[in-house]
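Encoded as structure tokens, the structure appears first; notes follow it.
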Amino acid sequence: MYKIITKRKLAEQIWVKDLEAPRVARKCLPGEFLIVKIDRYGERIPLTVCDYDREKGTIAIVFQVVGSSSARMAKLEVGDCFEDVVGPLGRPSELTHKTAEELQKMNILFVAGGVGTAPVYPQVKWLKEQGVVADVVQGAKTKDLVILEEEMRALVGDHLYVTTDDGSYGFHGLVTAKVEELVEKEGKHYDLCVAIGPMIMMKFVSLLTKKLGIPTIASMNPIMVDGTGMCGACRLIVGDEVKFACVDGPEFDAHLIDFDQAMKRARMYASEEGREYLKFKEGKTHHGGCGNCGGQQ
Ligand code: NAD
Ligand code: FES
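Each number in my numbering comes from the position in the sequence shown (counting from 1) with 17 added on.
This is the structure in structure tokens:
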């Protein structure tokens, strides 16, 4: 059982909870994700780790209420427990494979969209520990939906650029408009962009950075369902290869991702009929190779 240590509302329907999970806290790295389950009846929910404290043995998860399972998760109070927390899963961010010296030579830009700010936070924090202050463009629909601003500002100071779609706070416009301004008007140079947020945002950030010549990574967490390579939900095309976000990712070279295919497929996967059609059409490549079925079932 995984006890809730703290609970805080970040914005309407968005919560952060610290859980006691010492083994996960000891091992997890930025970019990896978890599967959480409230109880035996609860849905398996894949969530990126937002923060971890190896000494205290705690991890932080951020989630938005979008259905009955997440609504039940929001109702749990301090002292209540999650029945299962499985992880860390997936592959850590590529940045974690570089040395501090290599990272310190790079100018890195993060583009965080809405709830996608939560998985950006541990990457920015990890880089700070390596002596790198990244630029962060963080977008939300409106002021009340800007999350973790104080925490992010504590890491990067005035390298944080907050945008709101309605202009109620910070820069008025989409994250892409701010990135364009930083590069084209302010002359910023970036060696790498990491975009994490809604699929549509990652698609348009990717189109922009391709034009600007900035290598870009996107996190395909939004299309995951079971998170273990068995359900086939997170199948996507990267370059000319079939990949599965949960076992091969969640992060991929954004310029190689077919975002339109991934978004169309995710819509089809939502219905029983759509899933049957995808299974028929994709045959043995429908599953993600959990290691048990060999992707044959
Ligand atoms: P949102 O819809 O409020 O969008 C956040 C920001 O993205 C906007 O403020 C805007 O600046 C930018 N954006 C949106 N559409 C854009 C477009 N067409 N072009 C350029 N920029 C655009 O975000 P939300 O409601 O918080 O999003 C929730 C989504 O985030 C969910 O779908 C969830 O799956 C996803 N999410 C993704 C990850 C991940 O790992 N990629 C992690 C957590 C959440
Ligand atoms: Fe089910 Fe990846 S989330 S196969």
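Ideal Cβ positions, reconstructed from N, Cα and C, are used throughout, including at glycine.
Three-state class that DSSP yields for residue i in the structure shown
i           : result
residue 86  : helix
residue 176 : helix
residue 263 : helix
residue 171 : helix
residue 301 : helix
residue 71  : coil
residue 46  : coil
residue 20  : strand
residue 252 : strand
residue 57  : coil
residue 93  : coil
6 Å CB neighbourhood of residue i in its chain, flanking five on each side removed
i           : result
residue 314 : Here the model assigns residue 314 a pLDDT of 38, short of 50, so the residue's position is not dependable, and the following value carries that caveat. Excluding residues within five positions, none has a Cβ falling inside 6 Å.
residue 207 : 124, 126 and 231
residue 34  : 21, 24 and 78
Selected residue, minimal CA-CA separation from residue i, among the options
i           : options               : result
residue 271 : 283, 242, 109 and 220 : 220
residue 258 : 273, 246 and 247      : 273
residue 47  : 244, 118, 203 and 109 : 109
residue 91  : 115, 66 and 24        : 24
residue 293 : 255, 250 and 269      : 250
residue 153 : 174, 119 and 66       : 174
residue 170 : 159, 150 and 183      : 150
residue 179 : 148, 295 and 131      : 131
residue 59  : 162, 184, 285 and 89  : 89
residue 158 : 186, 212, 135 and 137 : 186
residue 205 : 239, 196 and 238      : 196
residue 95  : 32, 162 and 83        : 32
8 Å contact criterion, which residue i and residue j should meet: CB distance rounded
i           : j           : result
residue 210 : residue 193 : Actually they are not in contact, since the Cβ atoms of residue 210 and residue 193 sit about 11 Å apart, beyond 8 Å.
residue 44  : residue 139 : Not a contact, Cβ separation roughly 13 Å.
residue 261 : residue 244 : About 10 Å separates the two Cβ atoms, so there is no contact after all.
residue 275 : residue 253 : 7 Å
residue 236 : residue 215 : 11 Å between Cβ atoms; not a contact.
residue 263 : residue 133 : Wrong, their Cβ atoms sit about 17 Å apart, outside the cutoff.
N- and C-terminal bounds of the beta strand (DSSP E) containing residue i
i           : result
residue 235 : 233-236
residue 38  : Neither: residue 38 is in no beta strand (DSSP E) and is coded neither H nor E.
residue 239 : Careful: residue 239 lies outside any beta strand (DSSP E) and carries neither H nor E.
residue 273 : From DSSP, residue 273 is part of no beta strand (DSSP E); its letter is neither H nor E.
residue 126 : 125-130
residue 209 : 209-213
residue 105 : 101-106
The alpha helix (DSSP H) enclosing residue i, as first and last residue numbers
i           : result
residue 277 : 276-286
residue 155 : Segment 152-157 is the beta strand (DSSP E) holding residue 155; no alpha helix (DSSP H) there.
residue 222 : 216-229
residue 135 : 134-146
residue 193 : 192-197
residue 165 : That residue, residue 165, is in no alpha helix (DSSP H); it is neither H nor E in DSSP.
residue 117 : 117-121
Close-in-space but distant-in-sequence residues of the same chain around residue i (CB under 7 Å, 5 per side omitted)
i           : result
residue 9   : It is not possible to answer for residue 9, since the shown part of the chain is limited to 18 through 314.
residue 64  : 50, 51, 53, 78 and 80
residue 177 : 153, 155, 169 and 170
Contacts around residue i, its chain only, beta-carbon distance under 8 Å, and the 5 residues preceding and following it disregarded
i           : result
residue 148 : 117, 120 and 121
residue 285 : 291, 292, 294 and 295
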